[in-house]
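Visitor:
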Amino acid sequence: MSTRHEVTVSASAERDLQRLPDRTAGEIRRFLNGPLRNDPRKAGTPLPESRSTMWEATGPSWRILYQVDANTLSVRVMVVAQRRDPTRRAS
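So for the sequence shown, the UniProt record's numbering puts the first residue at 1; every next one is plus one.
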């Protein structure tokens, strides 16, 4: 059995989370306390431009950015956002 990570949420990410619809916020909280806490590297993908210091995880209607510290087994959630159109791609 693997060790669970400690998940903390930055103040700005917590404010963003509180502004989301209850359903979306609930989905994110379940993700934070489940897959992200259990194995943050499997729960998301590293952002290439950050050289593996920032990770991204997405759900059907949300996106989070977080940092993983393997030495302290901690995860810091930096950004929480609602995905308005999940099928839209940046051009």
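Note that CB positions come from ideal geometry on N, CA and C, so glycine has one too.
None of the values given here were measured: they were computed from a predicted structure.
Check whether the stretch 38-46 touches the stretch 15-22, taking contact to mean three or more Cβ pairs, one atom from each stretch, closer than 8 Å.
Guide: They do not touch, by the three-pair rule.
Visitor: Measuring CA to CA, which of R15, T53, R4, E6 is closest to Y66?
Guide: Comparing Cα-Cα distances from Y66 to each of R15, T53, R4, E6, the minimum goes to T53.
Visitor: So within the stretch 11-48, which uninterrupted alpha helix (DSSP H) runs reach at least 4 residues, ignoring any that extend past its ends?
Guide: As far as the stretch 11-48 is concerned, its whole alpha helix (DSSP H) runs of at least 4 residues are 11-19, 22-31, 40-43.
Visitor: Below 8 Å on the Cβ atoms is my contact criterion, and I expect R83 with W62 to pass it. Report the Cβ-Cβ distance as a whole number of Å.
Guide: 6 Å between Cβ atoms; contact.
Visitor: DSSP three-state call for R63: helix, strand or coil?
Guide: Here R63 sits in strand by DSSP.
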